[in-house]
Amino acid sequence: MNTSIAARIAAISKELPEHVLLLAVSKYHSEESIMQAYMAGQRHFAESRQQELLRKARNLPPDIQWHFIGHLQSNKIKTIAPIACLIHSVDSENLAMALEQHSMQHNATINCLLQVRIAQETTKFGFLMEDIKNFFSQQKHLAMPHVRICGLMGMATNTAEHHIIRREFHAIRALYDDIKNTHHLPHFNQLSIGMSSDYHIAIEEGSTIIRIGSSIFGDR
Ligand SMILES: *Cc1c(COP(=O)(O)O)cnc(C)c1O
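Each residue of the sequence shown is one higher than the one before, starting from -17 at the first, in this note's numbering.
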C-alpha cells in the first residue's frame, strides 16, 4: 500500500490525546521525506547522529524543532547544544555534568531528559532506575543549574509480548511520578516513551512524547 507520509502523520495525530507530542524520528531518512512531513504540518523531528542532524538543520526550514535521541559523546555537545531543543538521551552523570559545563560557559540553559534503562537488553544506554532516584535524592541536579531536567526517556524491550512492554513503561511512569512528587522540579513534566511498535501501550501508561520513525517514514 502506498500511503503518503502526510497521510500517516494525519492518521497517528488523529488518535493522539492532546497532551501527547508526536515526534517524527527522521534519522536515516531523506530531506525530501522530512519536507513532506513538514508540509503536512509536522514541526518536531528527532535525529540520533550528530553529522546527520547538523546537515539537516542547515538545509531544512529554521522553524523545525530538532530533538536529539542518540547516544551523545561529550565532545559533540558544542555542536548539538545550539541546535537541539531537547536532548532525550542524557544517559550518565558525566554527560549531564559536561552539558552543565558547556551551558554555563555559554550562559545558556539546555533542555534534557534523563534516559532510563528499562529494557531487558543490557546493551542499551541509560541510568538504572536506582541511579535516577539517587541522582535526585543526592540533589545532583542542584549542582547543574544550566541543565533543565524536563523528565525521563525510556525504550522498552523489543518484543511482541505486550505484557513485558507494559510492565516496563509502567515502571518508568512510577519512577517519573515518584521523582515529580518527591522533589521540587518545576520543569519536570515530560515522559518520552513509545515508538512505532509500542506507542499505544506507552500512551496508556502516561507518555507525553512518542518517538515515531518507521510508522511515518517507512522502513529504513
Ligand atoms: C529510531 C528510534 C526511534 C523510532 O523507532 P521506530 O521504531 O522507527 O518508530 C525512537 N526512539 C529512539 C531512541 C530511536 O533511536
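The C-beta atom is built at its ideal place from N, Cα and C for all residues, glycine as well.
It should be emphasised that the depicted structure is a prediction, and the values quoted were computed from it without experimental measurement.
Buried versus exposed, by CB contacts within 10 Å (16 or more), residue i
i, result
"arginine 37", "exposed"
"aspartate 180", "buried"
"glutamate 143", "exposed"
"methionine -17", "Note on methionine -17: pLDDT 42, under 50, position unreliable in the model; no value is reported."
"alanine 138", "buried"
"arginine 40", "exposed"
"glutamate 187", "buried"
"serine 71", "buried"
"glutamate 150", "buried"
"glutamine 102", "exposed"
Proximity test, residue i beta-carbon vs ligand 1 heavy atom, cut-off 7 Å
i, result
"serine 189", "no"
"serine 136", "For clarity, residue 136 is glycine in the given sequence; the question names serine instead. It does not: the Cβ of glycine 136 is nowhere closer than 7 Å to a heavy atom of ligand 1."
"arginine 193", "yes"
"methionine 177", "yes"
"serine 197", "yes"
"isoleucine 147", "no"
"isoleucine 154", "no"
"lysine -4", "no"
"valine 7", "yes"
"serine 12", "no"
"isoleucine 69", "no"
"serine 74", "no"
"isoleucine 51", "yes"
Span of the beta strand (DSSP E) around residue i
i, result
"arginine 193", "191 to 194"
"leucine 4", "3 to 7"
"glutamine 32", "Element bounds for glutamine 32: not the beta strand (DSSP E) but the alpha helix (DSSP H), 32 to 41."
"glutamate 29", "26 to 29"
"glutamine 18", "Where glutamine 18 is concerned, there is no enclosing beta strand (DSSP E), although the alpha helix (DSSP H) it sits in stretches over 13 to 21."
"phenylalanine 50", "47 to 50"
Residues of its chain near residue i, where Cβ-Cβ distance is below 7 Å and the 5 sequence neighbours each way are ignored
i, result
"leucine 77", "Leu54, Ser56"
"leucine -2", "Leu4"
"arginine -10", "Ser197, Ile198"
"threonine 141", "Ile147"
8 Å Cβ shell around residue i - same chain, five flanking residues per side excluded
i, result
"alanine -12", "Gln18, Ala19, Met21, Ala22"
"valine 2", "Ile185, Ser189, Thr190, Ile191, Ile192"
Neighbourhood of residue i by C-beta, 6 Å cutoff - its chain only, sequence neighbours within 5 removed
i, result
"histidine 128", "Glu82, Ser85, Met86, Thr91"
"histidine 123", "Ile131"
"histidine 11", "Phe199"
"leucine 68", "His49, Asn93"
Endpoints, alpha helix (DSSP H) assigned at residue i
i, result
"isoleucine -13", "-13 to -4"
What are the uninterrupted segments assigned as beta strand (DSSP E) that are 3 or more residues long and contained completely in the stretch 120 to 186, given in chain order? The DSSP assignment places complete beta strand (DSSP E) segments of no fewer than 3 residues inside the stretch 120 to 186 at 129 to 136, 172 to 174, in order along the chain.
Quick check for students: name the residue ranges of the beta strand (DSSP E) that lie wholly in the stretch 53 to 97, counting only runs of 3 or more. Every beta strand (DSSP E) of 3 residues or more that sits fully in the stretch 53 to 97 is shown, in chain order, as 66 to 72.
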